[in-house]
Each structure stands twice: as C-alpha cells, then as structure tokens.
Amino acid sequence: MQSTPCEDKATAPPSHSEILLQDQSRVNSIRSSIFKSRKPTNAVVDLPAKPGNSLGSEKYIVTVGLGTPKKDLSLILDTSSSLTWTQCMPCSHSSYSQKEPTFDPSKSFTYVNVSCKSAACSLLTSSTERITLSKYNMFNGFLFGCGHENRGLFGQTAGLLGLGRDKMSIVQQTSKIYRRIFSYCLPTPFSGSTGSLTFDRTPVSSKDIKYTPLSTSTGINDSFYALDLEGIIVAGAKLSIPSSIFSSPGTIIDSGTVITRLPATAYSASWSAFREGMSGYQTAPALSILETCYDLSMYPSFCFPKISFLFGGGVEVELKFEDIIYVGGNARQFCLALAGYTDDDEVTIFGNVQQQSLEVVYDVGGGRIGFWPCCLLSYLTFTAK
C-alpha cells in the first residue's frame with residue numbers, strides 16, 4: 157500500500173532537551189491565549205491513558221474511534237484545548253508524520269461537513285462524525301476538526317482530544333450523558349503502568365478526595381480550568397510568598413504541559429528551599445529549562461524534600477517523588493521538575509509531572525476539581541523527607 161504524506165516518515169525520538177523546549181513552546185501558546193482575552197447506554201466509560209513516549213510525545217494519549225466503520229486513533233489528552241481534531245486525507249506534504257493510518261472522511265458514511273450556515277460554523281469550519289469511546293458509548297454528530305495541513309509538536313499521534321471548557325469540547329458535547337464530569341490518572345513514563353480517562357455522570361465520592369473550587373479569576377481565559385493556588389510547602393515549611401503572586405493573572409491546571417511553571421518570586425523561593433534540603437548531594441548541570449539538577453550516581457540511597465501545593469478550600473496536594481523529579485535519562489541528572497518565569501505577572505501552570513500518581517476529578521458542573529491518590533506503580537521509588 158502506498159504511504160501518504162502523513163505516514164511512514166522516519167523520525168528520530170526527541171531528546172530530553174527537545175521535549176522540554178517543546179513544553180516551553182506550549183506554555184508560550186497558553187500565555188498568549190490567556191492574555192488575549194447511537195445514544196450511549198452506559199453512563200460510565202473508562203479509556204486507558206498511556207504515556208506518549210512511544211509516539212515521541214511527553215503528553216498522555218488515549219485511543220478513541222472515529223467514523224463508521226470505526227477507525228481507532230491515538231489522541232493527546234488535552235484539558236487546555238476544547239477542539240478535538242485529527243489529521244485527515246487528503247493531507248499535504250507539510251503535515252507532520254503520524255504512526256496510524258490517516259483518517260479518510262470519504263470512507264466513513266457518518267461523516268458530515270459543517271455548513272457555513274450552521275451555528276457551529278461561527279466557531280469553526282469543521283465537520284461532524286460518530287465518535288466511539290467504548291462498545292456502548294457512541295455519539296453521532298460529534299463536532300471535530302479535520303486537518304489537512306498540520307504542523308506542531310504532536311509526536312506521531314493522530315491529533316488531540318479536547319477536554320477544555322468551551323462548548324466544542326467533548327466534555328460539553330457529551331454533557332447530557334456524563335454531566336460534564338470526567339477524571340484521569342496519569343502513570344509515570346516508562347513505568348509500564350496504564351492510567352485511565354473516565355467519563356462518569358456521578359462525581360467521585362470518597363473521604364480521601366479533596367475538592368478545590370474552580371477559580372473565577374478574571375485574568376484567565378474561560379476555556380481553561382483555573383484554580384486558586386494559595387501557597388507552596390517545601391520540607392514542611394510554608395514558603396514566604398505574597399498571595400498576590402498567585403492571584404494575578406492566576407493558576408491553571410493543564411494535562412498537556414509537562415513541567416509546572418511558577419512566577420519568578422514563587423519559583424525562586426521553591427528553588428532555594430529545595431536546594432537547602434539537597435545541600436548534601438552533588439549538583440549536576442542544568443537540563444534545558446530545569447536549573448536544579450543532581451548527580452546521584454554515587455549514592456546508594458537518597459531522599460528529597462517533600463513538596464505540597466496549597467489550593468483554595470484548604471486543599472493540600474502532597475507530591476510524591478515522581479511528581480517532584482524529572483529524570484534526564486540516567487542517575488546523573490535528577491532535576492527539580494519546576495520551572496520559573498523571569499517576571500511575576502505570569503500565569504502559574506500546574507503541569508502533568510506534578511499530577512502523576514493523582515486521580516484528578518473534574519466536576520465541571522459542580523464548579524470544582526478534586527485530587528486523591530491513585531494506585532499506579534512508579535518506575536522509581538525513593539524517600540521524601
């Protein structure tokens with residue numbers, strides 16, 4: 157079978173530096189956006205969520221079916237994008253390479269172009285199609301983007317699954333069934349574990365879950381999930397960071413950003429406290445945007461200062477080892493998985509490294525997000541102090 161321009165291109169896996177630079181490009185895009193101004197019979201569906209490293213991405217992927225007959229596509233799980241899209245045939249030579257066959261609308265009998273006279277056309281020139289989440293969870297007339305000329309940092313995935321807050325998102329388009337409730341548990345890369353993306357019409361109820369209200373911060377675009385970050389704890393001590401640092405423009409939680417970003421003052425305080433707790437270990441060169449790294453190859457055991465994030469409603473999210481450290485491929489580069497801006501007037505982004513080992517519950521209709529530990533095996537275990 158003859159290959160298409162979107163397929164079968166030989167691409168080398170990205171280096172750690174390239175991954176982190178790509179992550180910075182995503183953050184720049186988020187900042188730009190913020191400063192602008194058949195019927196399912198099952199009410200619960202679980203989709204396996206896996207690290208995208210096998211497809212050249214540090215983001216997380218889920219597989220959904222599109223079209224009739226159904227074609228399975230690996231899409232990036234993205235809470236800061238509302239549009240679900242995939243590359244489509246015919247596809248230009250400037251499009252990026254993907255592993256799976258490119259979706260061909262002409263071979264699906266449920267594909268429909270969105271008319272420019274329709275209400276949806278004011279949002280996007282797009283298409284509707286049947287999307288299949290599981291055997292008993294199919295949605296006809298699902299609005300999605302069909303891309304014919306695509307560039308970006310998507311590895312070899314087929315596109316994005318938009319979980320944002322706008323009306324185009326899968327969360328909103330399936331709201332009559334799932335009531336705008338979903339959750340995910342993200343495994344650590346290379347752990348061999350599989351996480352999950354769950355759509356469920358009933359919020360998780362457990363004494364262990366901690367819910368924080370969605371923020372009404374005026375500095376954050378409504379398409380993002382904004383939270384009120386009130387402080388950071390390192391090694392048991394709350395850092396002296398003025399509350400105004402986190403309030404303007406605010407904080408978002410994002411499944412697609414790898415490394416958490418902090419305003420300059422908050423990052424400096426976190427960096428200093430962490431370094432103080434690691435003063436007995438050999439430092440290592442910086443890894444791209446990660447400045448605080450250690451060479452631990454000569455230590456039979458070691459421990460890290462505990463870090464917690466304090467959110468509105470008295471919610472403390474304590475991070476585990478895998479949520480704190482980014483490993484640069486060997487024991488000679490263990491880096492603090494936080495990055496800072498040069499100024500304070502910047503959006504804080506709670507990234508996916510810090511969300512590993514957590515079940516994150518989005519009760520959008522209830523105006524809240526919950527956190528609780530999820531049981532996934534880590535590929536490394538060490539002690540936090």
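Under our numbering, residue 541 is the last one in the sequence shown; the count climbs by one each step, no gaps.
Beta carbons are placed, not taken as given, at the ideal position from N, Cα and C, and that holds for glycine.
Span separating the alpha-carbon of residue i from that of residue j
i      : j      : result
Ser230 : Gly348 : 18 Å
Val220 : Leu176 : 27 Å
Phe506 : Ser400 : 17 Å
Met454 : Asp322 : 50 Å
Asp499 : Ser251 : 35 Å
Leu280 : Leu233 : At Leu280 the pLDDT is 43, less than 50, meaning the model places this residue with poor confidence; the figure from the coordinates comes in the next sentence. For Leu280 and Leu233, the distance between alpha carbons rounds to 20 Å.
Ser428 : Arg335 : 43 Å
Ser339 : Val471 : 18 Å
Glu515 : Ser362 : 12 Å
Ser444 : Phe477 : 21 Å
Tyr497 : Lys394 : 21 Å
Glu174 : Gln180 : 10 Å
Val517 : Tyr381 : 12 Å
Asn422 : Gly375 : The sequence shown places Ala at residue 422, not Asn. Going from the Cα of Ala422 to the Cα of Gly375 covers about 18 Å.
Thr407 : Ser379 : 13 Å
Glu432 : Asp364 : 31 Å
Lys227 : Met434 : 50 Å
Ile388 : Cys459 : 19 Å
Ala442 : Leu494 : 12 Å
Sequence-distant residues of its chain with Cβ nearer than 7 Å to residue i (five each side left out)
i      : result
Leu342 : Ala205, Tyr216, Gly351, Asn508, Gln511 and Gln512
Leu222 : Leu229, Thr242, Phe259, Glu285 and Ile287
Leu475 : Ile463, Ser464 and Gln510
Asn269 : Ser283
Pro550 : A query on residue 550 cannot be resolved here, the shown segment of the chain reaching from 157 to 541 and no further.
Met157 : Because the pLDDT of Met157 is 46, which lies under 50, any placement of that residue in the model is unreliable, and the question is left without a value.
His304 : Cys244, Pro246, Cys247 and Ser248
Spatial neighbours of residue i in its chain, beta-carbon cut-off 6 Å, leaving aside the 5 residues before and after
i      : result
Thr240 : Phe300, Leu317, Gly318 and Ile326
Val201 : Leu289, Ser290, Asn293 and Phe355
Gly522 : none
Asp451 : Gln438, Ala440 and Arg488
Residue i and residue j closer than 8 Å at C-beta
i      : j      : result
Thr235 : Leu385 : no
Thr372 : Arg524 : no
Pro345 : Pro529 : no
Leu203 : Leu353 : yes
Ser213 : Phe310 : yes
Ser426 : Val483 : no
Val448 : Phe430 : In the sequence on display, residue 448 carries Thr and not Val. Cβ distance < 8 Å, so Thr448 and Phe430 count as in contact.
Ser237 : Gly320 : yes
Val473 : Phe527 : yes
Leu466 : Ile480 : no
Element boundaries [beta strand (DSSP E), containing residue i]
i      : result
Ala205 : Val200 to Pro207
Thr242 : Trp241 to Gln243
Arg336 : Per DSSP, Arg336 belongs to no beta strand (DSSP E) and is neither H nor E.
Ser230 : Lys227 to Asp234
Phe506 : Thr504 to Phe506
Asp260 : That residue, Asp260, is in no beta strand (DSSP E); it is neither H nor E in DSSP.
Arg524 : Arg524 to Pro529
Leu222 : Tyr216 to Leu222
Endpoints, alpha helix (DSSP H) assigned at residue i
i      : result
Lys577 : The structure shown does not extend to residue 577, since the chain is modelled only from 157 through 541, so no value can be given for it.
Glu478 : Phe477 to Ile480
Ser400 : Ser400 to Ser403
Gly484 : Where Gly484 is concerned, there is no enclosing alpha helix (DSSP H), given that its DSSP letter is neither H nor E.
Val327 : Ile326 to Gln329
8 Å CB neighbourhood of residue i in its chain, flanking five on each side removed
i      : result
Gln261 : This sequence places Pro at residue 261; Gln is not what is there. Only Gly223, Cys244, Met245, Tyr267, Ser283, Glu285 and Cys302 meet the Cβ criterion.
Ser278 : Below a pLDDT of 50, predicted positions are generally treated as unreliable, and Ser278, at 48, falls in that range; the measurement from the model is reported next regardless. If we look at Ser278 and ignore the five residues flanking it on each side, it has no Cβ neighbours.
Query - Segments assigned beta strand (DSSP E), at least 3 residues, entirely inside the region 344 to 395 - result: Taking only runs of at least 3 residues, the beta strand (DSSP E) segments lying wholly in the region 344 to 395 are 351 to 356, 366 to 369 and 385 to 390.
Query raised in the report: Which runs of the alpha helix (DSSP H), 4 residues or longer, sit entirely within the region 414 to 480?
Result: Those alpha helix (DSSP H) runs which fall completely within the region 414 to 480 and span 4+ residues are 420 to 433 and 477 to 480.
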